[in-house]
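Peer 1:
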């Protein structure tokens, strides 16, 4: 367990989400730009390589792949375009398959700024809601992965 000190003005988001699919299916969806375009109804460009860049939701979220293990792990440097210049959070998603056809995604997003460059203080709330409603909920609905 990595202990990380939270910097003042930054928060950590933790989500645990369950899906009726294989871990490798979930990983594939999150790394496939065509599927992103489909379930978000917005433009996406996603590199599948470590060090490669991604841009989702028409460029409002951008970042870089730090570590990738197919069906097991995605670590990304991740930011909203509206955040202060040079501020990146770290997204770490692990994929577990406790039983065949059931996948648990554990997401930890650290260093999320409490406000954006315009002084809006809803960043943490909006980021968490985005993962839950615009990403995970949509994946369940569109790919039929709800439990």
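Numbering (our numbering), first residue to last: 36 to 182. Using N, Cα and C, we set each Cβ at its ideal position, and we do this for glycine too. All values reported here derive from a predicted model rather than from experimental measurement.
Exposed or buried, what is residue 104 when buried is set at 16 or more other beta-carbons lying within 10 Å of its beta-carbon?
Peer 2: The C-beta of residue 104 has fewer than 16 other C-beta atoms within 10 Å across all chains shown, which makes the residue exposed.
Peer 1: For the beta strand (DSSP E) that contains residue 192, what are its first and last residues?
Peer 2: Nothing can be reported for residue 192, as the shown portion of the chain is limited to 36 through 182.
Peer 1: On the CB-based measure, 16 or more other CB atoms within 10 Å of its CB, does residue 148 come out buried or exposed?
Peer 2: buried
Peer 1: Output the distance between the C-alpha atoms of residue 164 and residue 48, rounded to the nearest integer angstrom.
Peer 2: Take the alpha-carbon of residue 164 and the one of residue 48: they are about 10 Å apart.
Peer 1: By how many angstroms is the C-alpha of residue 157 removed from the C-alpha of residue 174?
Peer 2: So the two alpha carbons sit approximately 24 Å from each other.
Peer 1: Jot down the residue ranges of each uninterrupted alpha helix (DSSP H) in the segment 78 to 164, minimum 4 residues, whole runs only, in chain order.
Peer 2: Segments of the alpha helix (DSSP H) lying fully in the segment 78 to 164: 158 to 164.
Peer 1: Would residue 142 and residue 166 qualify as a contact pair, given that the criterion is a beta-carbon distance under 8 Å?
Peer 2: yes
Peer 1: Touching or not, the segment 80 to 87 and the segment 119 to 130, by the rule of three or more beta carbon pairs under 8 Å?
Peer 2: no
Peer 1: Tell me whether residue 169 sits in a helix, a strand or coil according to DSSP, three-state version.
Peer 2: helix
Peer 1: Compute the Euclidean distance between the alpha carbons of residue 140 and residue 168, then round it to the nearest angstrom.
Peer 2: 15 Å
Peer 1: Among residues of its own chain, excluding the 5 on either side of residue 123, which ones have a beta-carbon nearer than 6 Å to its beta-carbon?
Peer 2: Around residue 123: 112 and 114.
Peer 1: Does the beta-carbon of residue 176 have 16 or more other beta-carbons within 10 angstroms, so that it is buried, or is it exposed?
Peer 2: exposed
Peer 1: Please tell me whether residue 62 and residue 98 are closer than 8 Å, where the distance is taken between their beta carbons.
Peer 2: no
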